[in-house]
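In full-length UniProt numbering, the protein residues as written are 1 to 636.
From the three backbone atoms N, C-alpha and C, an ideal C-beta is built for every residue, glycine too.
All values reported here derive from a predicted model rather than from experimental measurement.
A short write-up of the structure that comes next.
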DNA sequence: GAGTGATCAGGTCA
DNA sequence: CTGACCTGATCACT
């Protein structure tokens, strides 16, 4: 890819009111950065192929990719940030040790107008009223920062005390920097937030203006009606703490707040604040946004929140709890005509209990047990009984010739590799970063991630083996109306979650009649995913706009896994990440897919197929049917 | 182990 | 400025 291009479409780049941008902080420079430092395998100098594959250098590499990859040397203590840190332009804390502060400032001024991308403040008008793009942008930046803070906390874990709340820290930082939207409270829909959107932290809903209380379940605002101030509810979060009735997806019995004392006995609830606002909303027939919270099926200690659209309050009453104290109850009814959201979750619950209740089910498990959890095959749109024949295999098949001849070496950690332990050679290979958070979420995209393998003595519960542990989310292969078979998840998927590898046969190069090929040499649209630098002092991650290196071709035509069903989208919700690990004294490379953002259940999983550089005939490109607003029209 | 309760340091907004 | 509040991570305990 052209790592230096600034014209790519990054979330949040298009519709900013530039005149109102207060503080635009460009991350990327206009000029490609050529690192002089050439240490640090595997992409140290120029453009080598992936470590074990010494394929002849393809034509595409030289002619179409003049930008060398940046290297990722481990930053030495006292190392003066040089050329390679130009991306950190907004890194005020580092300016003092920059040998060329003047030039830096000049560059900043020059690139201000061209920026307006992932990094930078949100325009004032968009802080008040957002749209889909800003909402996505804010959420991506929140999670990037949260993951980074989480990674830093994991390192400090040995130090006692200090409860880990990266979500609060990240939210606090973004709030103070003005990285938020829909600050104006409103009754009814919030621009840019869609019914069915999912959230994993209360702060995410604060930042996009869906529910601006970080803890409280009822959010309300004072509305002037006939010159009188009246509190009206704007949104509620039902998360189970008060024993709400949530069985029917069209109704909800919600309890008022208060009355729960930690030490003393439960007290009567009072008709004040949120309770009063709900009462007034009932009288006025005012609509209330409802967010339903429940346990995350994948990470049972965490919670997921679904925005389930607008409800009206039908009735309210006072109920005696077991303790004898009285509690307010509100019956909310879903406004008809809205797309299903929570109802889908309820259906999935049923399918999980009894697979035969899934309408259109062809096979309960297309993997025939090759994966730890089943992948069902479903067709709800026509009569086709399944995709063309292929052999299901969960991993890549490596031909002999590709196997590494050099001896592999793993780490020598005894139990599980500990973040921050620089004696662990696997961590050192990752520039000192542990690639995943404690619950297995990818922190940052990198040119290559090194996982522990069987050459490492650490135990199988080592957290640095995420891509080797098989499927964790419940997937379904399904027939689409226009785009053949596709893949989606029954479980909600949070950003950075490992989805699957691209399994298949490793081949020399692609043949043009193979629709099931993964080809790393294509042109891929760049995008930002990592934590932007400048938000936290210790953020040393380079921009993730690195060029995609090295030829890797995997054909899933005859042998493959679920990944072969993933369709292309110009606005994808997953991305691929090269991962290397060692096994039986040999190194293996795999392509792993991770969630780019939070993905609600039953949403089609897609990635960017890229555009082949070897086609001279543009007619061979395929017409794109992704339907996104960012659609480039074709792919392949 | 998985599920639950207790505990505690944290945020924002009114 | 204080305090209420349907947090989220962790640990002890079934």
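Could you pull out every residue in the same chain whose Cβ sits closer than 6 Å to the Cβ of residue 556, ignoring the five residues on either side in sequence? Contacts found: 504, 516 and 564.
Output the distance between the C-alpha atoms of residue 421 and residue 498, rounded to the nearest integer angstrom. When rounded, the distance between both Cα atoms is 24 Å.
Would you list the one or two residues that DSSP bridges to residue 387? For residue 387, which the question treats as bridged, DSSP gives no partner whatsoever.
If you drop the 5 nearest sequence neighbours on each side, which residues of the same chain put their C-beta closer than 7 Å to that of residue 454? Only residues of its own chain outside the window of five on either side were considered, and among them 583 and 584 have a CB closer than 7 Å to the CB of residue 454, listed in chain order.
Which residues in the same chain as residue 239 place their Cβ atom closer than 6 Å to its Cβ, once the five residues preceding and following it in sequence are excluded? The answer, listed in chain order, is 293.
Looking at residue 495: is its Cβ nearer than 9 Å to the Cβ of residue 597? Using a Cβ distance threshold of 9 Å, residue 495 and residue 597 count as a contacting pair.
If you reduce the DSSP assignment to three classes, tell me which class residue 527 lands in. It is coil, neither helix nor strand.
For a test of your reading of the model: does the CB of residue 268 fall under 8 Å from any non-hydrogen atom of the ligand NAP? Yes or no. The ligand NAP is not among the ligands present in this structure, which contains no ligands whatsoever.
Does DSSP put residue 319 in a helix, a strand or coil? Reduced to three states, the DSSP call for residue 319 is strand.
If the criterion is Cβ atoms closer than 9 Å, does the pair residue 595 and residue 579 meet it? For the 9 Å CB-CB criterion, residue 595 and residue 579 do not form a contact.
Let's test the definition: count the other Cβ atoms within 10 Å of the Cβ of residue 359 and tell me whether it reaches 16, buried, or not, exposed. Flag for residue 359 reads exposed.
Among 319, 241 and 236, which one has its Cα closest to the Cα of residue 268? That would be 319, whose Cα lies nearest to the Cα of residue 268.
Please classify residue 386 as buried or exposed, where buried requires at least 16 other C-beta atoms within 10 Å of its C-beta. Residue 386 is exposed by the Cβ-count criterion.
Per-residue DSSP class, three states only, for residue 578: Three-state DSSP puts residue 578 in a strand.
Taking C-beta to C-beta, are residue 380 and residue 486 nearer than 9 Å? Going by C-beta atoms, residue 380 is not nearer than 9 Å to residue 486.
Enclosing alpha helix (DSSP H) for residue 294 [first to last residue]: Segment 287-295 is the beta strand (DSSP E) holding residue 294; no alpha helix (DSSP H) there.
What three-state label does DSSP hand residue 60 in the structure shown? The predicted position of residue 60 is uncertain, since its pLDDT is 35 and thus under 50; a value taken from the coordinates is nonetheless stated next. Note: residue 60 maps to helix in three-state DSSP.
Where does residue 457 land, buried or exposed, given buried means 16+ other C-beta within 10 angstroms? Exposed is the call here.
C-beta atoms of residue 483 and residue 610 nearer than 9 Å: In this structure, residue 483 lies away from residue 610, with their beta-carbon atoms at least 9 Å apart.
Would you call the CB atoms of residue 332 and residue 362 closer than 9 Å? Judged by their CB atoms, residue 332 and residue 362 are not nearer to each other than the 9 Å cut-off.
Would you kindly work out how many angstroms separate the C-alpha atoms of residue 437 and residue 148, rounded to a whole number? Linking residue 437 to residue 148 through their CA atoms gives a straight-line distance of about 9 Å.
Member of 479, 502, 419 and 599 whose CA lies at the smallest distance from the CA of residue 155: When each option's Cα is compared against that of residue 155, the closest is 419.
Proximity below 9 Å, CB of residue 311 to CB of residue 334: In contact: residue 311 and residue 334 (Cβ atoms closer than 9 Å).
So residue 143 is in the beta strand (DSSP E); what residue range does that whole segment cover? Unbroken run through residue 143 is the alpha helix (DSSP H), 132-155; no beta strand (DSSP E).
From residue 492 to residue 198, what distance separates their C-alpha atoms? Going by the C-alpha atoms only, they are around 8 Å apart.
Where residue 65 falls, given that 16 or more other Cβ within 10 Å makes a residue buried: Below a pLDDT of 50, predicted positions are generally treated as unreliable, and residue 65, at 33, falls in that range; the measurement from the model is reported next regardless. Label assigned to residue 65: buried.
Limits of the unbroken alpha helix (DSSP H) element including residue 169: That run of the alpha helix (DSSP H) goes 166-176.
On the premise that residue 288 lies in contact with residue 234, defined as a C-beta separation below 8 Å, what is that separation, rounded to the nearest angstrom? Sure, about 7 Å apart at Cβ, within 8 Å.
Reduced DSSP category for residue 211 - H, G, I as helix; E, B as strand; rest coil: Of the three classes helix, strand and coil, the one that applies to residue 211 here is coil, per DSSP.
Which of the three DSSP states, helix, strand or coil, is assigned to residue 276? In the structure shown, residue 276 sits in a helix (DSSP, three-state: H, G or I).
Closest by CA to residue 124, which one among 179, 152 and 384? Taking only the C-alpha atoms, the option nearest residue 124 is 179.
My output table needs one value for residue 195: the three-state DSSP class, helix, strand or coil. Residue 195: coil per DSSP, three-state reduction.
For residue 365, which residues from the same chain have a beta carbon less than 7 Å from its beta carbon, with the 5 sequence-adjacent residues on both sides left out? A distance below 7 Å between beta-carbons, with the five flanking residues on each side excluded, links residue 365 to the following residues of its chain, in chain order: 374, 375 and 376.
CA-CA distance, residue 339 and residue 636? Going from the Cα of residue 339 to the Cα of residue 636 covers about 33 Å.
Quick one: Cα of residue 452 to Cα of residue 440, how far? The alpha-carbon atoms of residue 452 and residue 440 are separated by roughly 14 Å.
Range of the contiguous alpha helix (DSSP H) that encloses residue 342: For residue 342, the enclosing alpha helix (DSSP H) covers residues 342-353.
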